[in-house]
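For reference, the structure is listed below as structure tokens.
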């Protein structure tokens with residue numbers, strides 16, 4: 006059974022438009038979620054799961070981008086480079102820092118004009134390099150279309166889910182404010198409470214005379 010990576014995550018919103026969905030799919034083949042109830046399997050750990058995912062992801066990409074899905078097959082040798090590419094893309098989206106040139110070496114995009122006069126693009130490579138070529142092309146197109154800046158990864162340290170910010174002013178931070186947003190706010194509140202309690206403990210440890218002088222001394 007083929008499975009899209011992003012479908013497993015049940016995002017409340019945030020589907021990337023057009024061909025950018027392929028970049029979202031690649032990043033979401035794994036997450037950094039640690040809670041047992043949230044954890045999902047890495048789809049790039051074995052060839053069978055990886056090829057099932059890729060077939061579904063390419064079909065979705067072809068429909069969204071109006072292109073023809075290439076017939077790609079991943080081997081075990083492709084999985085390591087593809088996982089490294091995934092994390093490079095996650096870092097690129099989160100910090101807008103580019104991948105190392107070696108992670109994109111050997112990638113190429115083929116362009117042609119079809120019978121209807123449309124420019125059609127695809128890849129002449131195979132394996133993980135074909136995925137890298139298509140992902141790079143979609144990032145370029147998204148940057149020119151103005152949609153790239155709305156494509157984000159959740160900054161919660163043990164999340165990293167890729168989502169598309171559909172808010173009016175591009176202000177969405179978390180992939181789901183009810184989970185990662187609430188956890189972050191709760192952790193911040195606990196930190197403030199600990200600091201306050203530590204300050205109170207220091208005050209109580211001072212002799213009464215010292216506290217009195219501190220309270221009455223001029224600023």
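In the working numbering, the protein residues as written are 6 to 224. By construction, the Cβ of each residue, glycine as well, lies at the ideal position given by its N, Cα and C atoms.
Cβ-based neighbour list, residue i, same chain, cut-off 7 Å, excluding 5 preceding and 5 following
i, result
"residue 23", "69, 70"
"residue 112", "130, 134, 137, 138, 141"
"residue 34", "10, 47, 48, 49, 58, 91"
"residue 153", "144, 147"
"residue 8", "57, 58, 61"
Spatial neighbours of residue i in its chain, beta-carbon cut-off 6 Å, leaving aside the 5 residues before and after
i, result
"residue 86", "133"
"residue 143", "24, 25, 27, 28"
"residue 183", "none"
Whole-angstrom C-beta distance between residue j and residue i, which should lie under 8 Å
i, j, result
"residue 164", "residue 38", "6 Å"
"residue 10", "residue 58", "6 Å"
"residue 21", "residue 156", "6 Å"
Short Cβ contact (8 Å threshold) for residue i with residue j
i, j, result
"residue 91", "residue 49", "yes"
"residue 97", "residue 77", "no"
"residue 36", "residue 99", "no"
"residue 32", "residue 95", "yes"
"residue 75", "residue 127", "yes"
Residue i classed as buried or exposed, judged by whether at least 16 other C-beta atoms fall within 10 angstroms
i, result
"residue 122", "exposed"
"residue 224", "With a pLDDT of 49 at residue 224, under the threshold of 50, the predicted position of this residue should be treated as unreliable, though the coordinate-derived value follows. Exposed, by the Cβ-count rule."
"residue 181", "buried"
"residue 80", "exposed"
"residue 84", "buried"
"residue 73", "exposed"
"residue 65", "buried"
"residue 115", "exposed"
"residue 167", "buried"
"residue 177", "buried"
Cβ-based neighbour list, residue i, same chain, cut-off 8 Å, excluding 5 preceding and 5 following
i, result
"residue 82", "132"
"residue 125", "72, 73, 116, 117, 118, 119"
"residue 175", "154, 155"
"residue 45", "13, 14, 35, 36, 38"
"residue 30", "9, 10, 11, 58, 62, 65, 66"
(Q) Count Cβ pairs between the region 134-141 and the region 149-160 that sit closer than 8 Å; are there 3 or more? (A) no
- [ ] Could you tell me whether the region 54-69 touches the region 166-183, using the rule of 3 or more Cβ pairs below 8 Å?
- [x] Flag = no, the region 54-69 and the region 166-183 do not touch.
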